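Enquirer:
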Amino acid sequence: MLDERAIMQTHTTIGADTLQKVARQHGFAAVMLQMASDIARHHHERFDGKGYPDRLAANDIPLSARHRGDRGCLRRAANSAAYKPALSHDAALQSMNETAPGQFRSLALQAFRLCANEFARIAEEDAR
0 MLDERAIMQT HTTIGADTLQ KVARQHGFAA VMLQMASDIA RHHHERFDGK
50 GYPDRLAAND IPLSARHRGD RGCLRRAANS AAYKPALSHD AALQSMNETA
100 PGQFRSLALQ AFRLCANEFA RIAEEDAR
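Take 0 as the starting number for the sequence shown in numbering that gives the first Met the number 0 and just add one per residue.
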């Protein structure tokens, strides 16, 4: 039986490997492509080390991937996907706060909470 979750998780390594191959072919863009590869591979790592694919924790996660993971969480919660329905902005915030311990850098979560009203305004505008 296929493990759908494991298959879904391979997008991180497939994306990173693809970007590494492109970087080898186009050396002039190697730095940018390395950052893109780091983001592709590690954007599902968690601050507590329980993410995937490499179970990296805290500062072992490349900075670019930490930023992308923090930023992407609310967007994923608020948008529908093949495996889940969309949440309202308030429900997405609540979900993020419930999963926060271990998933996010505390500083990033504090900054996010300070901007929550602005995010709500933007989400409302996007819904129109």
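We put the beta carbon where it would ideally sit given N, CA and C, even for glycine.
Every value quoted in this text rests on a predicted model; they were computed, and no experiment measured them.
1. Once you ignore the five residues that flank Ala22 on each side, which residues in its own chain have a CB closer than 8 Å to its CB?
2. Would you give the residue range spanned by the alpha helix (DSSP H) that Glu32 belongs to?
3. Could you spell out where the alpha helix (DSSP H) holding Gly14 opens and where it closes?
4. Please name the residue in Lys20, Gly26, Arg40 and Gln19 whose C-alpha comes closest to that of Met7.
5. Between the segment 14 to 21 and the segment 38 to 55, can you find at least three pairs of beta-carbon atoms closer than 8 Å?
6. In whole angstroms, what separates the C-alpha of Arg54 from that of Ser94?
7. Compare the C-alpha of Arg120 against each of Ser87, Lys49 and Arg4 and name the closest.
8. Between the alpha carbons of His10 and Ala91, how many angstroms are there, rounded?
9. Hey, Ala57 and Phe46: beta-carbon distance below 8 Å or not?
10. Applying the criterion that 16 or more other CB atoms from any shown protein chain within 10 Å of the CB defines a buried residue, is Glu124 buried or exposed?
11. How many Å lie between Gln24 and Gln109 at the Cα?
12. DSSP three-state label for Ile6, please.
Expert: The answer reads as follows:
1. As a working mapping, residue 22 is identified with position 23 in the sequence shown. Contacts found: Ala28, Ala29, Leu32, Gln33 and Ser36.
2. Start at 1 with the first residue of the sequence shown, and residue 32 comes out as number 33. Checking the sequence shown, residue 32 turns out to be Leu, not Glu. Segment Ala29 to His41, the alpha helix (DSSP H) holding Leu32.
3. Here residue 14 is taken as the residue at index 15 of the sequence shown, counted from 1. Gly14 -> alpha helix (DSSP H) spans His10 to Gln24.
4. Numbered from its first residue, the sequence shown carries residue 7 at position 8. Closest option to Met7, Cα to Cα, is Arg40.
5. The segment 38 to 55 vs the segment 14 to 21: in contact.
6. In the sequence shown, residue 54 corresponds to position 55, counting from 1. In the sequence shown, residue 94 corresponds to position 95, counting from 1. Computed Cα separation, rounded: 22 Å.
7. The sequence position of residue 120 within the sequence shown is 121, counting from 1. Measuring from the Cα of Arg120, the nearest candidate turns out to be Ser87.
8. By one-based count along the sequence shown, residue 10 stands at place 11. By one-based count along the sequence shown, residue 91 stands at place 92. Here the alpha carbon of His10 sits roughly 24 Å from the alpha carbon of Ala91.
9. By 1-based counting over the sequence shown, the position of residue 57 is 58. By 1-based counting over the sequence shown, the position of residue 46 is 47. Their beta carbons are under 8 Å apart, which means Ala57 touches Phe46 by this criterion.
10. Working through the sequence shown from its first residue, we reach residue 124 at position 125. The residue in question, Glu124, is exposed, as its Cβ has fewer than 16 Cβ neighbours within 10 Å.
11. Here residue 24 corresponds to residue number 25 of the sequence shown, with the count starting at 1. Here residue 109 corresponds to residue number 110 of the sequence shown, with the count starting at 1. Gln24 and Gln109: Cα-Cα distance of roughly 41 Å.
12. Counting from 1 along the sequence shown, the entry for residue 6 is found at position 7. Correct three-state label for Ile6: helix.
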